[in-house]
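If you read the protein sequences in the order shown, they are chains A and B. Every position in the first sequence, counted from 1, becomes a number in the working numbering once 961 is added. Every position in the second sequence, counted from 1, becomes a number in the working numbering once 1 is added. Every residue, glycine too, gets a C-beta built ideally from N, C-alpha and C. Here the structure is a predicted model, which means the values were calculated and not measured.
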Amino acid sequence: GESVGLHLPTLSVQEGDNSIINCAYSNSASDYFIWYKQESGKGPQFIIDIRSNMDKRQGQRVTVLLNKTVKHLSLQIAATQPGDSAVYFCAENSGGSNYKLTFGKGTLLTVNP
Amino acid sequence: EADIYQTPRYLVIGTGKKITLECSQTMGHDKMYWYQQDPGMELHLIHYSYGVNSTEKGDLSSESTVSRIRTEHFPLTLESARPSHTSQYLCASSDRTGGLGPLHFGNGTRLTVT
């Protein structure tokens, strides 16, 4: 059902700065992780993924870091732009061979011009 | 941009009505999913399917039901809508049969039950 108000962590940055969004995941057996971007009124959009046998992966302006020791995932966005303003979610495959994504709480990124 | 479509985009309906949310994908993906998302909150898996005639309940208990008669179509039905069903419903699909890959999401149906 409906919830009242936002419960999101928020991050506010200046245009051109680098952004780091963090996520703690829950299942030490998770083998695959994804970052999604969700703009208002839209479904989540894939940004970048990483498998558990890696600790870093780079895309265009984005980097994902995985620390399995402390079950921590981060998304780094270089030279943040106003179009990057959105809610960012991390997700983990907690289902093993029964592939199912479990989503974390999102982070609202606001980029100030 | 993934080709996954959800209709209606918005739906306002009275308590007790039966509703069906439509989801179709043109990518031939075997795996399809329904997630429920309240405003500002994370997504919760309510149903998924690994192929035709396969349906499973997700992690979040839901009074809705789903069917998968055709690969491209994965409708969600509420037999008797209640205000507690007010939420956004997101459909997704995946093309990595037996493997790992991102889910492709539609833009959701925002349901309001009065």
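Listed along the chain, the chain B residues whose CB falls inside 9 Å of the CB of R1012 of chain A are L101.
Spatial neighbours of V67 of chain B in its own chain (CB-CB distance under 8 Å, excluding positions within 5 residues in sequence) are listed in chain order as W35, H48, S50, T56, F75, P76, L77 and T78.
With its beta carbon less than 7 Å from one in chain A, N108 of chain B belongs to the interface. Within the stretch 11-39 of chain B, contact with chain A at the beta-carbon level (separation under 9 Å) is assigned to K32, Y34, Y36, Q38 and D39. Comparing alpha-carbon positions, the option among A:K998, A:T1063 and A:S1046 lying closest to S989 of chain A turns out to be A:T1063.
Secondary structure within the stretch 1014-1071 of chain A: not one fully enclosed alpha helix (DSSP H) run of 4 or more consecutive residues is present.
Scanning its chain for C-beta atoms nearer than 6 Å, with the 5 sequence neighbours on each side dropped, one finds around T1041 of chain A the residues V974, D978, S980 and V1072, in chain order. Here the C-alpha atom of K1017 of chain A lies approximately 15 Å from the C-alpha atom of C984 of chain A.
In the DSSP assignment, V114 of chain B falls within the unbroken beta strand (DSSP E) covering T110 to V114. Against chain A, the beta carbon of Y6 of chain B has no neighbour under 9 Å; the closest one sits roughly 11 Å away. For the pair P1043 of chain A and K1061 of chain A, the Cα-to-Cα distance works out to about 32 Å.
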